[in-house]
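J.: What follows is a single structure, and I will ask about it in a moment.
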Amino acid sequence: AQMRVSSTYKQYATVPCSGGLTGAAVARKILDCNGLSHIRVERIRGELTDHFDPKAGVIRLSEAVYDMATVSSVGIAAHEAGHALQYAQNYGPIRLRAAIVPMTRYSSWLAIPLFMLGLWVASDSLMLFGVLLYAVIAFFQLVTLPVEFNASNRALRTLGEFRILSDQEMGGAKKVLGAAAMTYVAALLTSVLTLLRLLLLANNRRR
402 AQMRVSSTYK
412 QYATVPCSGG
422 LTGAAVARKI
432 LDCNGLSHIR
442 VERIRGELTD
452 HFDPKAGVIR
462 LSEAVYDMAT
472 VSSVGIAAHE
482 AGHALQYAQN
492 YGPIRLRAAI
502 VPMTRYSSWL
512 AIPLFMLGLW
522 VASDSLMLFG
532 VLLYAVIAFF
542 QLVTLPVEFN
552 ASNRALRTLG
562 EFRILSDQEM
572 GGAKKVLGAA
582 AMTYVAALLT
592 SVLTLLRLLL
602 LANNRRR
């Protein structure tokens, strides 16, 4: 999934958009048209490091996305603006995801070590605690799916309504955002399979 999103992004990063707007300009336009002029748009280093920071009230776009007027940059910028709209409109899943984030920070580095410690000392309670902590991670990935798909749908709808991309260019933007969405699907599947593996290990240990 990571290889696909990287190759699709690079493919359409060389395709200029007819509207001539850079990623930064597109994000700014979407925000302003929705009464979110207080949210800043900033440049950040790296590739595919784009994200919306709700606490700071800023959309951070990677250098290529911020500066370039390509199908990839416009699609990604509109997607991040979609996240800002989700918060502004109190979209339920993104609020739920934000509430889970503090728990995942602990779960991500405690779950497996606690489970393995419980497996080593034959402690059912430690193994169960490790499983529960990892279940939080899987649940976070599950909640992330509708958030990301909704942000992409908002982005494509907005790009069409504002006529920022032509019909042909919209097809490229759909491929870029679709490839990015698959990384979240893969993350969810990985989490679920890992959770099942932990449950099987715990069950075999009790036997």
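Take the position in the sequence shown, starting the count at 1, then add 401; the result is the number in my numbering.
Backbone N, C-alpha and C fix where the C-beta goes; we use that ideal spot for every residue, glycine too.
If you're wondering where the values come from, they're calculated on a predicted model, not measured in any experiment.
#1: Taking its Cβ as the centre, do 16 or more other Cβ atoms sit within 10 Å of GLU549, making it buried, or is it exposed?
#2: LEU538 to ILE565, Cα distance in whole Å?
#3: Hey, how far is the Cα of ASN435 from the Cα of ALA428?
#4: Can you name the residues that DSSP bridges to GLU448?
#5: Report all residues from its chain with a CB closer than 6 Å to the CB of VAL442; omit the five preceding and five following residues, and keep chain order.
#6: Run through DSSP, which three-state label would SER463 get?
#7: Quick one: using the 10 Å Cβ neighbour count with 16 as the cut-off for buried, is LEU557 buried or exposed?
#8: In chain order, what residues of the same chain have a beta carbon less than 8 Å from the beta carbon of GLY458, not counting five sequence neighbours either side?
#9: Assign LEU601 to buried or exposed, taking buried as 16 or more other Cβ atoms, counted over all protein chains shown, within 10 Å of its Cβ.
#10: Roughly how many angstroms lie between the CA atoms of CYS418 and HIS480, to the nearest whole one?
#11: Please classify ALA465: is it buried, with 16 or more other beta-carbons within 10 angstroms of its beta-carbon, or exposed?
#12: CA-CA distance, GLY447 and TYR585?
#13: Could you tell me the boundaries of the alpha helix (DSSP H) in which ASN551 lies?
#14: Using DSSP with H/G/I as helix, E/B as strand and the rest coil, what is THR471?
#15: Would you decide whether SER592 is buried or exposed? Buried here means 16 or more other CB atoms lie within 10 Å of its CB.
#16: Which residue wins for smallest C-alpha separation from THR545, given the options GLY572, ALA587, ILE477 and SER474?
#17: So SER474 and THR505 are in contact, right, with Cβ under 8 Å, and what is the actual spacing, rounded?
T.: On the basis of the data shown:
#1: It counts as buried.
#2: Strictly speaking, residue 538 in this sequence is Ile, with Leu absent from that position. Roughly 37 Å separates the two Cα atoms.
#3: Straight-line Cα distance between these residues: approximately 11 Å.
#4: Paired residue(s): none; GLU448 is not in a bridge.
#5: In the same chain as VAL442, and ignoring 5 residues on each side of it, the C-beta atoms closer than 6 Å to its own belong to ALA425, ALA428, ARG429 and ILE460, in chain order.
#6: Of the three classes helix, strand and coil, the one that applies to SER463 here is strand, per DSSP.
#7: When all chains shown are included, LEU557 counts as buried.
#8: So the qualifying residues of the chain are HIS439, ILE440 and ARG441.
#9: Result: exposed.
#10: The straight-line gap from Cα to Cα measures roughly 16 Å.
#11: Its Cβ being crowded by 16 or more others within 10 Å, ALA465 is buried.
#12: Cα to Cα, the separation comes out at about 20 Å.
#13: 525-562 is the span of the alpha helix (DSSP H), which, as asked, contains ASN551.
#14: In the structure shown, THR471 sits in a strand (DSSP, three-state: E or B).
#15: Classification for SER592: buried.
#16: Nearest of GLY572, ALA587, ILE477 and SER474 to THR545, Cα basis: ALA587.
#17: Actually they are not in contact, since the Cβ atoms of SER474 and THR505 sit about 29 Å apart, beyond 8 Å.
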